[in-house]
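Chemist: I have a structure here, written as structure tokens, and I will follow up with some questions on it.
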Amino acid sequence: MTDSIKTPTSNEKTAMYRQMLLIRRFEERCNQLYMRGEIPSTLHLYVGQEAVATGVCAHLRTDDYITSTHRPHGHALAKGVSARSIMAELYAKSTGCCKAKGGSMHVGDMDVGMLPAIAIVGGGIPIAAGLALGFKRKGSDRVAACFFGEGAANEGAFHEGLNMAAIWDLPVIYVCENNLYAASTPVGVTFKIENIADRVAAYGMAGEVVDGNDVLAVYEAMGRAVARARAGEGPTLLECKTYRQVGHSRSDPLTYRTKEEEKWWKERDPIERLGERLLAEGVTNQAGLDAIEADVTAEVDDAVAFAKASPDPDPTEALQHVFYGVEV
Ligand SMILES: Cc1ncc(C[n+]2csc(CCOP(=O)(O)OP(=O)(O)O)c2C)c(N)n1
Numbered sequence: 092m093t094d095s096i097k098t099p100t101s102n103e104k105t106a107m108y109r110q111m112l113l114i115r116r117f118e119e120r121c122n123q124l125y126m127r128g129e130i131p132s133t134l135h136l137y138v139g140q141e142a143v144a145t146g147v148c149a150h151l152r153t154d155d156y157i158t159s160t161h162r163p164h165g166h167a168l169a170k171g172v173s174a175r176s177i178m179a180e181l182y183a184k185s186t187g188c189c190k191a192k193g194g195s196m197h198v199g200d201m202d203v204g205m206l207p208a209i210a211i212v213g214g215g216i217p218i219a220a221g222l223a224l225g226f227k228r229k230g231s232d233r234v235a236a237c238f239f240g241e242g243a244a245n246e247g248a249f250h251e252g253l254n255m256a257a258i259w260d261l262p263v264i265y266v267c268e269n270n271l272y273a274a275s276t277p278v279g280v281t282f283k284i285e286n287i288a289d290r291v292a293a294y295g296m297a298g299e300v301v302d303g304n305d306v307l308a309v310y311e312a313m314g315r316a317v318a319r320a321r322a323g324e325g326p327t328l329l330e331c332k333t334y335r336q337v338g339h340s341r342s343d344p345l346t347y348r349t350k351e352e353e354k355w356w357k358e359r360d361p362i363e364r365l366g367e368r369l370l371a372e373g374v375t376n377q378a379g380l381d382a383i384e385a386d387v388t389a390e391v392d393d394a395v396a397f398a399k400a401s402p403d404p405d406p407t408e409a410l411q412h413v414f415y416g417v418e419v
């Protein structure tokens with residue numbers, strides 16, 4: 092059954108373009124608001140990696156779960172957490188998706204299948220196996236998808252989680268976003284191997300290396316992985332090669348990589364690539380792309396207005412909603 096993955100329709104491709112653009116514009120606005128001092132704390136932006144969250148989540152149902160990282164805004168938007176509730180969370184308002192108790196690094200919404208993000212590097216990996224074990228034991232065809240950076244692939248949790256997922260044929264898709272740097276550490280310093288996906292041979296599970304800046308390639312690879320998982324054929328590791336176009340966090344002066352490298356990746360920007368393809372295939376025209384841009388800008392404007400108008404949390408609620416259980 093894994094050979095029969097459908098290619099995305101024109102409408103699905105257009106939806107993926109809009110999704111990636113929403114993530115990009117949402118985060119650009121977050122950055123401005125942070126620089127103006129309106130948003131407290133730090134931000135880990137996802138700029139450049141939008142194709143991964145978008146291509147992966149395009150295959151997920153609301154009742155499938157994702158786990159996420161310290162860089163979660165893109166995952167959240169792609170899984171269906173509302174722009175309003177994420178922005179309100181960044182503003183620490185009571186209408187935030189975690190009622191102001193999470194902030195940027197912990198956004199999520201169980202109602203749409205996203206666990207509040209986990210900022211401990213590698214922390215989501217064994218939890219995703221646990222979610223998938225729950226789905227399997229209940230006999231459902233739900234799946235879990237776990238996003239993590241390549242830095243997490245050298246944590247003990249990676250080896251434990253992937254081995255357990257493999258031996259029990261769990262319906263989980265491990266999505267490694269290899270953006271070449273763990274903070275300022277280049278991937279070549281901490282890995283002797285070219286592809287992290289090669290490690291699947293050690294666990295006996297499926298794995299693929301994917302162009303993580305090509306949303307259609309991510310979509311197709313995820314389609315194969317989800318089909319395997321829903322059919323009871325076990326887990327997959329997708330290694331999506333990508334690049335964060337901005338600093339690791341707001342305090343990163345980006346002194347550890349070259350301008351040439353940055354330029355090379357910007358020329359492979361995932362949003363521009365899909366936009367050019369939509370035009371070349373006649374799926375839409377420039378006016379169509381402009382209309383999507385206007386629509387996305389309106390959604391971001393609305394999210395900011397909603398967040399600003401929302402009330403602060405009531406101090407009496409400080410100890411409420413601080414523990415969550417997951418019922419699968
Ligand atoms: C267990 C643990 N160690 C260290 C940190 C500090 N830290 C936060 S992000 C980060 C780099 C993570 O790199 P990677 O997993 O590749 O993800 P990326 O930032 O590239 O998205 C580190 C070391 C942490 N949050 N958790």
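Position in the sequence shown (first residue = 1) + 91 = the working numbering.
Glycine included, each C-beta is placed from N, C-alpha and C at the ideal position.
Please name the residue or residues paired with N269 in a DSSP beta bridge.
Modeler: K332
Chemist: Going by alpha carbons, who is nearest to A223 out of A293, W259, K192, E351?
Modeler: W259
Chemist: Let me confirm a value: Q377 is counted as buried when at least 16 other C-beta atoms fall within 10 Å, else exposed. Which label applies?
Modeler: exposed
Chemist: Using DSSP with H/G/I as helix, E/B as strand and the rest coil, what is T158?
Modeler: strand
Chemist: Is the closest heavy atom of ligand 1 to the C-beta of V234 under 8 Å?
Modeler: When distances are taken from the beta-carbon of V234 to the heavy atoms of ligand 1, even the shortest one reaches 8 Å or more.
Chemist: At 4 residues or longer, what runs of the alpha helix (DSSP H) sit wholly inside the segment 160-237?
Modeler: 164-170, 174-181, 215-228
Chemist: Return the residue from the list K229, E372, H339, T333 that minimises the CA-CA distance to E358.
Modeler: T333
Chemist: Straight-line CA distance for M178 to G416?
Modeler: 24 Å
Chemist: Excluding the five sequence neighbours on either side, which residues of its own chain have a C-beta within less than 8 Å of the C-beta of Y272, listed in chain order?
Modeler: V278, R335, H339, Y347, R348
Chemist: Under DSSP, the beta strand (DSSP E) around E299 begins and ends at which residues?
Modeler: 297-302
Chemist: Closer than 6 Å by C-beta to A210: which residues in its own chain qualify, once you throw out the five before and the five after it? Chain order, please.
Modeler: These residues qualify, in order along the chain: H161, M196.
Chemist: Can you name the start and end residues of the alpha helix (DSSP H) that E251 belongs to?
Modeler: 247-258
Chemist: Please state whether the Cβ-Cβ distance between Y108 and I284 is less than 9 Å.
Modeler: no
Chemist: Is the CB-CB distance between S231 and V413 below 9 Å?
Modeler: no
Chemist: Provide the residue span of the alpha helix (DSSP H) that contains G314, from first to last.
Modeler: Where G314 is concerned, the enclosing alpha helix (DSSP H) stretches over 306-321.
Chemist: Are there 16 or more other CB atoms within 10 angstroms of the CB of L410, so buried, or fewer, so exposed?
Modeler: exposed
Chemist: Label E330 either buried or exposed according to how many other C-beta atoms from any shown protein chain fall within 10 Å of its C-beta, with 16 as the threshold for buried.
Modeler: buried
Chemist: Quick one: is the Cβ of E268 within less than 8 Å of any heavy atom of ligand 1?
Modeler: True, at least one ligand heavy atom lies under 8 Å from that Cβ.
Chemist: Restricting to Cα atoms, I'd like to know which of M126, E251, T100 is closest to R341.
Modeler: That would be M126, whose Cα lies nearest to the Cα of R341.
Chemist: Which partner residues of I264 appear in the DSSP bridge assignment?
Modeler: A236, T327
Chemist: Helix, strand or coil for P406? Go by DSSP, reduced to three states.
Modeler: Looking at P406 - three-state DSSP - the assignment turns out to be helix.
Chemist: Is any heavy atom of ligand 1 found at a distance shorter than 8 Å from the C-beta of R348?
Modeler: no
Chemist: Are the CB atoms of V337 and L136 within a distance shorter than 9 Å?
Modeler: yes
Chemist: In the DSSP assignment, the alpha helix (DSSP H) including K97 goes from what residue to what residue?
Modeler: Segment: none, K97 is in no alpha helix (DSSP H) and carries neither H nor E.
Chemist: How many angstroms separate the CA atom of S132 from the CA atom of E372?
Modeler: 43 Å
Chemist: State the Cα-Cα distance for the pair M92 and A297, rounded to the nearest angstrom.
Modeler: Bear in mind that the predicted position of M92 carries a pLDDT of just 42, short of 50, making it unreliable; the figure below should be weighed with that in mind. The straight-line gap from Cα to Cα measures roughly 15 Å.
Chemist: Would you kindly work out how many angstroms separate the C-alpha atoms of D94 and V317, rounded to a whole number?
Modeler: Low per-residue confidence applies at D94: pLDDT is 44, beneath 50, and the placement is therefore not dependable, though the value from the model is reported in the following sentence. Taking the straight line from one Cα to the other gives about 12 Å.
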